Amino acid sequence: MIFLYIIAGMLVFLTLLYIFLIFPKKSKKTEEFFADQKSFAHRGLHGGGVPENSLAAFDLACKHGYGIEFDVHITADEKLVVFHDDTLERMCGIKEGVEEKTLAELQALTLAGTQEHIPSLEETLSIINGRAPLIIEIKGTKVKDTRVCKLTAKMLESYNGKWCMESFNPFYVKWWRKNVPSSVRGQLSCKMKNGKNFAQKAKDFLLTNMLLSFLARPNFIAYDVNGRKEPSFKVSRALGGYPVAWTIRSEEDKKNAEGKFKAIIFENIRP
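According to my numbering, the stretch in the sequence shown is residues 226 to 496, in order.
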């Protein structure tokens, strides 16, 4: 009998610990941010010769009445550019890292064979100019190097439009919680399968299940729509986490998101 009590006690403890680790921070400001816009164009409204994360894509999204999601990287000279990948190969045909280049070097490049160049964050905010709410994903190749957070926050101080931030890196989200507590913060996640050794597999497990959320207490959970059946996503949603789906690329994806997510990040379709 004592053994059963011990087992029951351990199960209760582990359950409470699990809830503590993933518990989101429900907030009125999150509901207010998403109140007027539930559809966000992934890297702008791109396609048909308009490249992702370009000024043209952002302008189109504004003109069509959508919110905008885009990505921010720091450069070698500590400037900020809007670009998704860690390397330039896919969009610019160069096998070099974004963070290894200066702003001037990056802006000399064109995107996907078009005349569009890699925009700075300053240019991006200027062309959007409050016309659409923004989901800004903070990117970086160094887990605890938060310079990109500091520089982005500084630039947003003078921006008058609506914005929120998100990141796969819980240490970045933690930085915003500590240094810009008024911000709406999102934890990006999905079912991760990058691990080739024990340490990498452990990291995948922690991030898939959002077990580092206690560091940041995110206001919303941006989760891969294909991972909507993941237990930790379901638990986080049940605990009051505001669920945002990425990336909705088809009517089937949109249908799968219904009833499980409150907002969507989309591309290739017009919701």
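Think of the CB as a built atom: it goes at the ideal place given N, C-alpha and C, for glycine as much as any other residue.
Note that the structure is predicted; figures quoted are calculated from it, not measured.
The Cβ neighbour count for Tyr448, taken over all protein chains shown within 10 Å, is at least 16; the residue is labelled buried. By DSSP's assignment, Gln412 forms a beta bridge with Ser392, Ile446. At the C-beta level, Pro496 and Lys485 stay beyond 9 Å of one another. When Val450, Ile363, Asp311 are compared, the shortest CA-CA separation from Val469 is found for Val450. By the neighbour-count definition (other C-beta atoms within 10 Å, threshold 16), Tyr397 is a buried residue. Cα atoms of Leu280 and Thr371: separation of roughly 26 Å, rounded to the nearest angstrom. Put simply, the segment 315–326 touches the segment 334–349. At least three CB pairs are less than 8 Å apart. Annotated three-state conformation of Phe258 is helix, per DSSP. Sorting Arg402, Ala333, Val307 by C-alpha distance to the C-alpha of Val297 places Val307 at the top. The shortest CA-to-CA distance from Phe445 to any of Leu381, His289, Phe248 is the one to Phe248.
Boundaries of the alpha helix (DSSP H) around Val237: 227–247. DSSP links Phe265 through a beta bridge to Gly292, Ile490.
Residue nearest to Lys399 within the set Gly465, Arg442, Lys263 is Arg442 (criterion: CA-CA distance). Between the alpha carbons of Phe491 and Arg474 lies a distance of about 6 Å. Taking a C-beta distance under 9 Å as the contact criterion, Lys304 and Leu376 qualify as a contact pair.
At the C-beta level, Gly420 and Ser392 stay beyond 9 Å of one another.
Remark: C-beta atoms of Ser252 and Ala488 do not approach each other more closely than 9 Å. Counted as a single uninterrupted DSSP element, the stretch harbouring Val368 is not any beta strand (DSSP E), since DSSP gives it neither H nor E. For His342, DSSP records a beta bridge to Thr335.
Spatial neighbours of Ile352 in its own chain (CB-CB distance under 7 Å, excluding positions within 5 residues in sequence) are listed in chain order as Leu280, Phe283, Asp284.
Straight-line spacing of the CA atoms in Thr366 and Leu432 works out to 16 Å.
Put simply, of Glu477, Leu436, Trp471 the residue whose alpha carbon is nearest the alpha carbon of Thr240 is Leu436.
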